[in-house]
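A.B. asks: Counting from 1, position 242 in the sequence shown corresponds to residue 273 in our numbering; the numbering is continuous, with no gaps. Backbone N, C-alpha and C define an ideal beta-carbon position, used for all residues, glycine too. The model shown is predicted, which means the values in this text are computed figures rather than measured ones. Okay, handing you the structure first.
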Amino acid sequence: MKDFILIILAVIGIYCAFRYLSLLYAFRKITKEVREVRQDLTQNQILHLPLPNRHLAGLIGEFNNTLEEIQKERQKYEKREKEFQKQIENISHDLRTPLTVILGYLKYVKNKEYVVQDKELREILDIIELKGETMKNLVAQFYEFSRLNAGDYTLKPDKVDMSRILRESLLGNCQILEGTNLEVNINIPEYPVWVMGDGAALERIFLNLLQNAGRYARAHLNIRMSETEKDVSVSFANDAEELSQETVSHLFDRFYIQDDSRNQGGTGLGLTVAKILAEEMGGTLEARLNEASSGPEQKSKSVISFELRVPVINKKRTEM
C-alpha cells in the first residue's frame, strides 16, 4: 500500500512538473511573439497558441482581439492621414495659381510711369508684393509637405557643390534678414565642397533655416560650414529669448509654432520640411539648445543651433 501511494505521488509530481515546464515554455514563446509584434505594429501579426490549454487559448484570443483593434485603428489613421494630405495638396494648388497671377499683375503695374512717379503708391505696392510673396512661400511649404508625406516628391541625388549652393542661397534671399538688425557672421569655404545631394532640396533647406532665423533670432546669426571625413556640416546658430528644451524637442513637429510668434507669418512646416528633405538625402537635421549667460536685469537668453549634416562623397578640393 505504501509503495502504491509513493507511485501515485510520483506520477502526480511528474505530471505537475510536466505541466509547469509546459506552461513555462508556453509563456516564453508568447513573450517572444509579443516582443516581435511590438517591434513592428504595422504588420498584421497575431499570437499563436504554443500548446493546447483552454486558459491560454482565452488569453491569446484576447491579445489577438486587441491587436486586431489596433490594426483597424492604424488603418483608419492612415486613411485619414492620406485624405488630409490630399486636401492640403489640393488647397495649396488652388491657391498657387491666383497668387501667381496677382504677383504678376503687381510687377506689371509697378513698372507703370505713374506708379514710378508716385512714391506713396509705390510703397503701398511694395508692401502688397512683399505680403504676396510671403503667402506664396507659405503655400509652397504646404504643397511640398503634402508631396513629401505622400511620397510624390522625388529627389535627384547628384554630385553638388554644397558651399556654392549655400552662398547662392544666402545671396538670393538676403532680403529675409533686411530690417532685422541682426549681426550676421558667415564662414563658408571658398573652394567646392562636394556632397551627394539634391541641389533644389538643399536650397529649400537653407531657405527654411534662414526664414526661421529671420523670425526668431534676436541679435546674432552665425552660419558656418565645416567638413569631416564622413560628412559636411552646416550650422545656423542664433540667440533667442526664453527657449526651453521642451520647446526645442517640438521644433520639427508639423504645424508647431511658438506661442509668442504666431503673428510672424509661419506655418509650422518649414523646419518639418527641411528635416524630411535632409533625411531623404541620407543626412540629418538636428536642433541643439545652449544656455547663454545674461545679466540680472536681462531676460534669459539661449543659443539655438540647427545643424545639417550631409554625407561627403569626395574630399578632393578643386579650385573654383
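1) Quick check: the Cα distance between D34 and V68, rounded to an integer number of angstroms?
2) So who's on the other strand from R390, going by DSSP bridges?
3) Pull up the distance between the alpha-carbon of K110 and that of Y136, whole angstroms please.
4) With distance defined between alpha-carbon atoms, name the residue in V170, N75 and V215 nearest to E100.
5) Taking the C-alpha atoms as reference points, what is the distance between I91 and E260?
6) Determine the extent of the beta strand (DSSP E) in which M256 is found, giving its start and end residues.
7) Could you name the residues that DSSP lists as bridge partners for G228?
8) Might you give, ordered along the chain, the residues of its own chain that have their beta carbon closer than 6 Å to the beta carbon of F173, omitting 5 neighbours on each side?
9) Can you name the residues that DSSP bridges to I335?
10) Within 10 angstroms of the Cβ of S275, are there 16 or more other Cβ atoms? Answer buried if so, exposed if not.
11) Could you tell me how far apart the beta carbons of L252 and N269 are, in whole angstroms, since I believe they sit closer than 8 Å?
12) List the DSSP bridge partners of E214.
13) Please go through the same chain and pick out, in chain order, the residues whose beta-carbon is closer than 6 Å to the beta-carbon of A318, but skip the five residues on each side of it.
14) What does the Cβ neighbour count give for D284, buried or exposed, with the cut at 16 atoms within 10 Å?
15) I'd like to know whether the C-beta atoms of I196 and G245 end up nearer to each other than 8 Å.
16) Using the beta-carbon count (16 or more within 10 Å), is A171 buried or exposed?
17) My understanding is that V224 touches E258, with C-beta atoms under 8 Å, so please give their C-beta distance in whole angstroms.
18) Kindly indicate which residue of L320, G210, V226 and L233 has the alpha-carbon position closest to the one of D262.
19) At a cut of 8 Å, does the segment 147 to 157 reach the segment 203 to 221 through at least three beta carbon pairs?
20) If we ignore side chains and look at the alpha-carbon of each, how far apart do V132 and L126 end up?
21) With the cut-off set at 8 Å, would you say I335 and L316 are in Cβ contact?
22) In angstroms with no decimal places, state the Cα-to-Cα distance between S333 and I217.
23) So, at 8 Å on beta carbons, what are the nonlocal neighbours of F115 in its own chain, with the 5 sequence-adjacent residues on each side left out?
24) On a Cα-Cα basis, can you pick out the residue from R50, A309 and L37 that is closest to T185?
25) Alpha carbon to alpha carbon, how far is I61 from G44?
26) What is the rounded straight-line gap between the Cα of L130 and the Cα of V65?
C.D. replies: Straight from the coordinates:
1) Cα to Cα, the separation comes out at about 51 Å.
2) As displayed, the chain neither begins before 32 nor continues past 351, which places residue 390 out of reach and without an answer.
3) 40 Å
4) N75
5) Computed Cα separation, rounded: 52 Å.
6) H251 to E258
7) D189
8) I119 and S123
9) According to DSSP, I335 bridges with N269 and L320.
10) exposed
11) 5 Å
12) H251
13) V279, L282 and F337
14) Looking at its Cβ environment, which holds fewer than 16 other Cβ atoms inside 10 Å, D284 is exposed.
15) no
16) Flag for A171 reads buried.
17) Correct: roughly 6 Å between the Cβ atoms.
18) V226
19) no
20) 10 Å
21) no
22) Rounded to whole angstroms, S333 and I217 show a C-alpha spacing of 20 Å.
23) none
24) A309
25) 25 Å
26) 53 Å
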